[in-house]
Amino acid sequence: MSIAISIIVVNYNTYKLTSACIYSILEHTKGVDYEVVLVDNNSTECEPEQFLLDFPSVRLIKTKANLGFAKGNNLGIKYAKGEVILLVNSDAELTNNAVKILADYLTAHTDVGVVTGKLRYPDGRLQHNCQRFPNWKVSLFELLRLQKVFRRWGQRCLLGPFFSYDRLQEVDWVWGTVFMFRKSDLENFPNQQLPDDFFMYGEDIQWCMEFRKRNRKVVFVPQAEILHHMGGSSANSKKLILQNTDLFLQKYYHPLHLRVLRVLNSLL
13 MSIAISIIVV NYNTYKLTSA CIYSILEHTK GVDYEVVLVD NNSTECEPEQ
63 FLLDFPSVRL IKTKANLGFA KGNNLGIKYA KGEVILLVNS DAELTNNAVK
113 ILADYLTAHT DVGVVTGKLR YPDGRLQHNC QRFPNWKVSL FELLRLQKVF
163 RRWGQRCLLG PFFSYDRLQE VDWVWGTVFM FRKSDLENFP NQQLPDDFFM
213 YGEDIQWCME FRKRNRKVVF VPQAEILHHM GGSSANSKKL ILQNTDLFLQ
263 KYYHPLHLRV LRVLNSLL
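Number 33 in the working numbering belongs to position 21 of the sequence shown; there are no gaps in the numbering.
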């Protein structure tokens, strides 16, 4: 049987969360040919082979060191047999046939590079996984609280908490929690892989920037629904997020734009 979709999960000492993630994939994914590739980042919590006892159909790849999120996913992509790749965080659980919903949309739209779905906390609250790239105009708009006056503009241009998560829409970038794309698109990327400059956090905005630089759209598909135990697979990392965001800005933005953004963001 040919494999159309490779679903990649990176595990590092999150046995219970990862098991729930894999179970949800196997439980809800119907109508497509797929494989689950589990990359274990040298976990010490338990023997990685335990996953094979629980889920015999899973392909296990073991590393000799903790490679981090981006490099771990790139390793999984290297061994993936599917043309479509779906990255799923170990602390996420599918709650419907999200794989098929996302794959159907991606394959039907050749100009789309990345698709994602609707994320919720375990208590049902929405997570704001659709974002705009940093922009001085948007930062100024938010600083002046103009979204309270121009609500419709805020929904369309600010995204994040102002975005309507009930409608399909093109966005700038999305979280890497559930991140689907064509493997063939990586042929145009440096080293034919996703950028993995960052050990963890900030890689998703960089990935989306690279897709969009190659004229590939990033689209939010609300029909695909996922539960996300946000923060369940890592410790508090606000400092690392800020550090990597600044590195992203240095890489992709003009120095003057970067200075203006830093000033505005310091006032928010």
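Backbone N, C-alpha and C fix where the C-beta goes; we use that ideal spot for every residue, glycine too.
None of these values were measured; they are calculated from a predicted model.
- For K74, DSSP records a beta bridge to D52.
- N86: member of the alpha helix (DSSP H) spanning F81 to Y91, first to last residue.
- DSSP places K112 in the uninterrupted alpha helix (DSSP H) bounded by A110 to A120.
- Here M221 carries a helix assignment [DSSP, helix/strand/coil].
- Its Cα nearest to that of D178, the residue F232 stands out among K263, F232 and A104.
- DSSP links C142 through a beta bridge to V186.
- Straight-line spacing of the CA atoms in I97 and I37 works out to 14 Å.
- Contact between F67 and I34 holds: CB atoms are separated by about 5 Å, below the 8 Å threshold.
- Judged by beta-carbon spacing, I73 lies beyond the 7 Å limit of D45, meaning their Cβ atoms are not closer than that value.
- Beta-bridge annotation (DSSP): S18 is paired with E47 and I97.
- Take P134, set aside five residues on each side of it, and the residues of its chain with a beta-carbon closer than 8 Å to its own are L239 and H241, in chain order.
- Cβ contact annotation for V70 (same chain, cutoff 7 Å, sequence separation greater than five): I34, V48, L50, F63 and L64, in chain order.
- Membership of L106 in the beta strand (DSSP E) is indicated by the continuous run A104 to L106.
- In this structure, V22 lies away from G94, with their beta-carbon atoms at least 7 Å apart.
- Within the same chain, T75, K76, A77 and N78 come within 7 Å of N54 by CB-CB distance, once the 5 residues on both sides are set aside.
- Under the three-pair Cβ rule at 8 Å, the stretch 210-230 does not count as touching the stretch 108-117.
- Contact annotation, T122 with M192: C-beta distance approximately 14 Å; criterion of less than 8 Å not satisfied.
- Separation of A32 and Q139 (C-alpha to C-alpha, rounded to the nearest whole angstrom) is 19 Å.
- With at least 16 other beta carbons inside 10 angstroms of its own, S102 counts as buried.
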